[in-house]
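Enquirer: The structure's right below; bear with me while I get my questions together.
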Amino acid sequence: MIKQLYSLIQFDEAVKTMEAGADNIGLVPMQNGGVPAHRVPLERVYKIHDEAKKRGVKLVAIMLTNDPEEMLQLAEKVQPEILHVAGDGYAATPEFAKRLKEVAPDTALMQAVLVDNETAIDRAKKFAPFVDYILLDSGLAPDTGIGASGKTHDWNIDAKIVESVDVPVIEAGGLGPDNVADAIKKIKPYGVDSLTKTSIKYEGGNMEKDIEKVRLFCERADEAAKEIGL
1 MIKQLYSLIQ
11 FDEAVKTMEA
21 GADNIGLVPM
31 QNGGVPAHRV
41 PLERVYKIHD
51 EAKKRGVKLV
61 AIMLTNDPEE
71 MLQLAEKVQP
81 EILHVAGDGY
91 AATPEFAKRL
101 KEVAPDTALM
111 QAVLVDNETA
121 IDRAKKFAPF
131 VDYILLDSGL
141 APDTGIGASG
151 KTHDWNIDAK
161 IVESVDVPVI
171 EAGGLGPDNV
181 ADAIKKIKPY
191 GVDSLTKTSI
201 KYEGGNMEKD
211 IEKVRLFCER
221 ADEAAKEIGL
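Under UniProt numbering, the first residue of the sequence shown carries the number 1, and numbering increases by one thereafter.
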């Protein structure tokens, strides 16, 4: 079970998050989108990425910009293991996927799908032929795109999507140590993602990971996956 933890900002918290069990760590490289306090300067992105590679952890570059050209430029600079398209005004296309492979041959493409009703099933099926991962999430906001709401959604829809597509599905949306096991048993995803419920939030938009909650999230995810044979 892949445990994906968002949204890292500082180097030290990234290291502690990896040590607590994260397989994927997500951050927002400096771009024209997202909450300013969450954007990570490229110099720090490179430092975190170098450490992640030493530990066998994948770096997910979260794209909250709606400009595909800016996304491709960042992919070329950072060469992340995964590029996550989450902007509320742009979704990946087959042409974008092709161009991504040209500038970052080893970068996988993850497309966020908003699960607001059963139409999400058809939207996920549309992306499946040309993306490497689908991330199912809740909420839609101008500054965070699809996700970061801290709310769950209808897991019955997610379970249908997992059964309907041939690409790995990452489950997101209001997951934390309290409910990750239930989500895994219900949906049977490839991986699980957490931001809000494993973060400490401060005034002004600043936040940091709650490392104890990260550890519990990862442990309970692994336990649930083992229990059902995933």
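We put the CB at the ideal spot given by N, CA and C, even for glycine.
Buried or exposed for GLY26, please, with buried defined as at least 16 other CB atoms from any protein chain shown within 10 angstroms of its CB.
Expert: If you number the sequence shown from 1, residue 26 lands on position 26. Its Cβ being crowded by 16 or more others within 10 Å, GLY26 is buried.
Enquirer: According to the neighbour-count rule (16 or more other Cβ atoms, all chains shown, within 10 Å of its Cβ), is ARG55 buried or exposed?
Expert: As a first step, residue 55 must be located in the sequence shown, where it is residue number 55. It counts as exposed.
Enquirer: Bridge partners for HIS84 per DSSP, in chain order?
Expert: For this step, residue 84 is matched to residue 84 along the sequence shown. Answer is ILE62 and MET110, bridged to HIS84.
Enquirer: So, is ILE48 buried or exposed, given that buried needs 16 or more other C-beta atoms within 10 angstroms?
Expert: In the sequence shown, counting from the first residue as 1, residue 48 sits at position 48. Buried.
Enquirer: In whole angstroms, what is the alpha-carbon distance linking PRO105 and ALA159?
Expert: Position 105 of the sequence shown, counting from 1, holds the residue named residue 105. Position 159 of the sequence shown, counting from 1, holds the residue named residue 159. Cα to Cα, PRO105 sits roughly 31 Å from ALA159.
Enquirer: Is it right to say ILE228 is buried, meaning 16 or more other beta carbons lie within 10 angstroms of its own, or is it exposed?
Expert: Locating residue 228 in the sequence shown gives position 228, where the first residue counts as 1. The residue is exposed, with fewer than 16 neighbouring Cβ atoms inside 10 Å.
Enquirer: Could I get the ranges of all uninterrupted alpha helix (DSSP H) runs contained in the region 142 to 195, with 4 residues as the minimum, in chain order?
Expert: You should have 155 to 164 and 180 to 187.
Enquirer: According to the neighbour-count rule (16 or more other Cβ atoms, all chains shown, within 10 Å of its Cβ), is ILE187 buried or exposed?
Expert: Numbered from 1 along the sequence shown, position 187 holds the residue referred to as residue 187. Burial call: buried.
Enquirer: What are the boundary residues of the beta strand (DSSP E) that includes VAL3?
Expert: Your numbering for residue 3 matches position 3 in the sequence shown. Per the sequence shown, the amino acid found at residue 3 is Lys instead of Val. From DSSP, the beta strand (DSSP E) with LYS3 extends over 2 to 5.
Enquirer: Helix or strand or just coil, what does DSSP make of GLU208?
Expert: For this step, residue 208 is matched to residue 208 along the sequence shown. If DSSP states are grouped into helix, strand and coil, GLU208 belongs with the strands.
Enquirer: Taking the DSSP output, what are the residues bridged to TYR133?
Expert: As a working mapping, residue 133 is identified with position 133 in the sequence shown. Paired residue(s): MET110.
Enquirer: Specify the secondary structure class of VAL40 as computed by DSSP and reduced to three states.
Expert: As a first step, residue 40 must be located in the sequence shown, where it is residue number 40. Reduced to three states, the DSSP call for VAL40 is strand.
Enquirer: If you drop the 5 nearest sequence neighbours on each side, which residues of the same chain put their C-beta closer than 8 Å to that of VAL113?
Expert: Here the question's residue 113 lines up with position 113 in the sequence shown. For VAL113, where only same-chain residues beyond five positions count, the Cβ hits under 8 Å are ALA120, ARG123, ALA124, PHE127, ILE134, LEU135, LEU136, ASP137, ILE146 and ILE161.
Enquirer: So what's LEU74 in DSSP terms, helix, strand or just coil?
Expert: Numbered from 1 along the sequence shown, position 74 holds the residue referred to as residue 74. Note: LEU74 maps to helix in three-state DSSP.
Enquirer: Let me confirm a value: SER199 is counted as buried when at least 16 other C-beta atoms fall within 10 Å, else exposed. Which label applies?
Expert: Against the sequence shown, residue 199 aligns to sequence position 199. Buried: at least 16 other Cβ atoms inside 10 Å.
Enquirer: My output table needs one value for GLU228: the three-state DSSP class, helix, strand or coil.
Expert: In the sequence shown, residue 228 corresponds to position 228, counting from 1. Rather than Glu, the amino acid found at residue 228 in this sequence is Ile. Three-state result, ILE228: helix.
Enquirer: Taking the Cβ atom as the reference point for each residue, do MET110 and VAL85 lie within a distance shorter than 8 Å?
Expert: As a working mapping, residue 110 is identified with position 110 in the sequence shown. As a working mapping, residue 85 is identified with position 85 in the sequence shown. Yes. Within cutoff.
Enquirer: ASN117: which of ALA75, GLY89 and GLY139 sits nearest, CA to CA?
Expert: Within the sequence shown, residue 117 is the residue found at index 117, counting from 1. Per the Cα distances, GLY139.
Enquirer: Tell me the rounded alpha-carbon separation between ILE82 and LEU59.
Expert: Taking the sequence shown and counting its residues from 1, the one referred to as residue 82 is at position 82. Taking the sequence shown and counting its residues from 1, the one referred to as residue 59 is at position 59. Roughly 6 Å between the two C-alpha positions.
Enquirer: Between residue 272 and ALA183, how many whole angstroms is the CB-CB distance? I'm expecting something under 8 Å.
Expert: Only positions 1 to 230 of the chain appear in the structure, and residue 272 is not among them; the question remains open.
Enquirer: At which residues does the beta strand (DSSP E) containing VAL28 begin and terminate?
Expert: As a working note, residue 28 is residue 28 in the sequence shown. Counting along the chain, the beta strand (DSSP E) containing VAL28 begins and ends at 24 to 29.
Enquirer: Should the region 70 to 77 be regarded as contacting the region 3 to 20, the criterion being three or more beta carbon pairs within less than 8 Å?
Expert: Counting Cβ pairs under 8 Å, fewer than three are found: no touch.
Enquirer: Could you tell me which residues DSSP pairs with ILE200 in its beta bridges?
Expert: Position 200 of the sequence shown holds residue 200. DSSP lists GLU208 as partners of ILE200.
Enquirer: Ends of the alpha helix (DSSP H) at ILE121?
Expert: Along the sequence shown, one-based indexing puts residue 121 at 121. Run containing ILE121: 119 to 127, per the alpha helix (DSSP H) assignment.
Enquirer: Please say whether LEU216 and PRO177 have beta carbons closer to each other than 8 Å?
Expert: Locating residue 177 in the sequence shown gives position 177, counting from the first residue. Locating residue 216 in the sequence shown gives position 216, counting from the first residue. Contact: yes.
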